[in-house]
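In the working numbering, the protein residues as written are 9 to 602.
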């Protein structure tokens with residue numbers, strides 16, 4: 009019943025084509041047996057009378073016409089059922105994909121890291137395609153496969169009830185094994201299907217990571233963790249396929265064998281009838297009719313045999329989709345508006361870990377004043393980016409509170425929170441769209457003039473105008489035709505256009521040459537004007553003038569203060585500053601070349 013409810017939940021968005029398909033499939037299932045029934049009647053007429061008369065010829069012509077009409081109607085009804093099922097399935101698939109994209113937009117960005125791009129792709133394409141294929145092909149097969157034994161049994165009862173009961177028992181045994189393939193799936197097999205689909209997701213994630221890093225593998229060789237992970241996932245997928253296949257094939261083989269040899273069950277009964285009453289015309293007629301009727305199942309066998317496999321696959325695909333959707337943010341019971349006055353951003357005893365991994369942040373306490381620049385520095389792995397992710401709402405803290413003004417960010421609508429925070433990521437992503445559209449994505453209603461003004465403030469107007477089509481130049485995915493520094497300036501222009509009161513800069517000048525770094529610093533100055541800024545940096549000279557600096561190490565605040573006070577303290581920040589100065593002065597000199 010639970011599976012039936014899932015099927016109904018799929019079709020309720022656009023039920024008419026699917027309902028009509030079921031009606032036509034039912035009619036097709038009935039029409040399919042009309043020729044067999046009429047042929048049996050003709051056989052009875054011929055063998056029963058032993059002679060052909062004008063009446064019998066007319067009767068045979070009429071029954072032959074009915075048989076031909078039944079065959080024609082079967083084709084028409086089955087075509088209508090398949091066409092309507094496909095129309096309904098494509099519409100439902102479209103709605104499911106659109107809804108899934110909408111639902112995924114409400115999943116906190118942090119969860120995308122855990123899901124992986126392979127699983128998200130598989131949900132949008134593979135999982136929904138499984139459900140779509142099931143509705144397009146297997147729903148009509150289920151109707152025909154379910155009613156065919158009933159119609160056939162009714163016809164057989166009208167011919168010989170003893171033979172009909174014997175065949176009926178054979179059908180029960182056959183369908184029991186067909187059910188077992190599905191029933192087994194409800195227990196161990198369903199878990200096995202889940203293992204199979206999970207292995208497929210993991211393989212796709214590993215494959216996508218391998219493709220993205222292919223240039224690195226070519227340079228450094230294939231003996232690395234990513235390559236080994238791909239091989240590992242290929243083995244895991246192959247290992248999952250074997251038991252997955254065995255479950256269905258074992259029961260389906262028995263089912264198909266019984267269905268293909270049902271006529272064997274009537275011969276013992278016919279032999280008893282011959283021994284008791286001799287080889288009469290009735291015995292010959294009944295045997296002939298059953299030998300004609302039983303092969304009618306030949307088109308039903310493959311339909312019924314594949315039902316269990318496809319049903320479980322589509323239901324488990326639905327389960328995988330629901331698991332992803334379950335990750336979306338649940339709006340607070342009482343949603344609070346984003347505060348009009350920020351005053352300060354505060355972290356109060358915040359602890360956090362990525363799932364089952366070790367704790368990343370251990371009781372963080374810090375404050376960022378409104379309209380000021382607060383810098384977060386420290387060694388790699390200290391929790392700097394994690395802290396920024398929590399403020400942006402990508403993850404929820406395990407304990408403690410994060411407040412904007414007096415409001416806990418957990419009580420602010422995610423959409424409202426995102427609208428008031430601009431984030432320039434360390435890894436810049438640009439859409440495969442025009443530069444104008446990339447900048448405008450921060451505020452879709454912005455005018456062309458506002459886009460250009462934002463680009464000028466971000467120091468990227470000049471190089472944009474040098475491109476073949478200026479602002480209408482379409483850049484490749486991840487900005488493949490732009491340098492890293494140019495990509496970053498486009499991202500800053502996007503943030504300037506958004507004009508959010510809170511700005512998070514994650515390594516804004518990372519991986520930039522001297523010229524680009526100069527332009528980026530000027531762009532950041534324009535971007536930060538009048539904003540509450542959280543700035544993460546490895547290059548300490550870029551945050552020297554910050555109003556407050558926090559030094560994070562091992563997920564804890566080790567030091568805090570202004571640049572001058574931290575240098576006077578002579579602690580870890582001062583040591584890091586000295587190391588930074590040495591790095592600036594470092595060069596490959598004679599000692600290194602000896």
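All residues carry an ideal CB built from backbone N, CA and C; glycine is no exception. No experiment lies behind these values; they were computed from the predicted model shown.
| Asked | Found |
| --- | --- |
| Residues in the same chain with beta-carbon distance under 6 Å from residue 241, minus the five sequence neighbours each way, listed in chain order, please. | 210, 211, 214 |
| Considering Cα atoms alone, identify which of 287, 206, 260 is closest to residue 247. | 206 |
| Per DSSP, what kind of secondary structure is residue 246 in: helix, strand or coil? | helix |
| Using three-state DSSP, classify residue 287 as helix, strand or coil. | coil |
| Considering just the uninterrupted stretch of the alpha helix (DSSP H) at residue 571, what are its terminal residues? | 571-577 |
| Here's a check: name, in chain order, each residue in its chain whose Cβ is nearer than 6 Å to the Cβ of residue 186, leaving out the five neighbours to either side. | 263, 312 |
| Quick check: the Cα distance between residue 180 and residue 272, rounded to an integer number of angstroms? | 15 Å |
| Roughly how many whole angstroms lie between the Cα atoms of residue 487 and residue 87? | Low per-residue confidence applies at residue 487: pLDDT is 42, beneath 50, and the placement is therefore not dependable, though the value from the model is reported in the following sentence. For residue 487 and residue 87, the distance between alpha carbons rounds to 48 Å. |
| Can you tell me whether residue 148 is buried or exposed? The criterion is at least 16 other CB atoms within 10 Å of its CB, across all chains shown. | buried |
| Only counting the same chain, and skipping five residues up and downstream in sequence, which positions put a Cβ closer than 8 Å to that of residue 153? | 308, 311, 312, 315 |
| At a cut of 8 Å, does the segment 293-301 reach the segment 40-48 through at least three beta carbon pairs? | yes |
| Do the segment 347-355 and the segment 322-335 touch if we need at least three Cβ pairs shorter than 8 Å? | no |
| Is the Cβ-Cβ distance between residue 401 and residue 434 less than 7 Å? | no |
| Is residue 582 closer than 7 Å to residue 511 when the C-beta atoms are compared? | no |
| Any contact between the segment 21-35 and the segment 92-101? By contact I mean 3 or more CB pairs, one from each, below 8 Å. | yes |
| Tell me, which residues are paired with residue 352 by DSSP? | 377 |
| Which residues does DSSP list as the beta-bridge partners of residue 359? | 407 |
| Say whether the segment 494-502 touches the segment 411-421, bearing in mind that this needs 3 or more beta-carbon pairs closer than 8 Å, one atom from each stretch. | no |
| Below 7 Å between beta carbons: does that hold for residue 479 and residue 420? | no |
| Unbroken alpha helix (DSSP H) runs of length 4 or more, entirely within the segment 71-153: which are they? | 117-123, 125-129, 136-141 |
| Ignore the nearest five residues each way along the sequence and tell me which others in residue 381's own chain have a CB closer than 7 Å to its CB. | 536, 541, 543, 554, 555 |
| Between the Cα of residue 358 and those of 348, 373, 344, spot the shortest distance and give me the residue it belongs to. | 373 |
| If I follow the unbroken beta strand (DSSP E) through residue 543, where does it start and stop? | 540-544 |
| Following the continuous beta strand (DSSP E) through residue 511, name the residue where it begins and the one where it ends. | 510-514 |
| Looking at the secondary structure, which residues open and close the beta strand (DSSP E) in which residue 559 lies? | 556-561 |
| Using a Cβ-Cβ cutoff of less than 7 Å, which residues in the same chain neighbour residue 404 once the five nearest sequence positions on both sides are dropped? | 418 |
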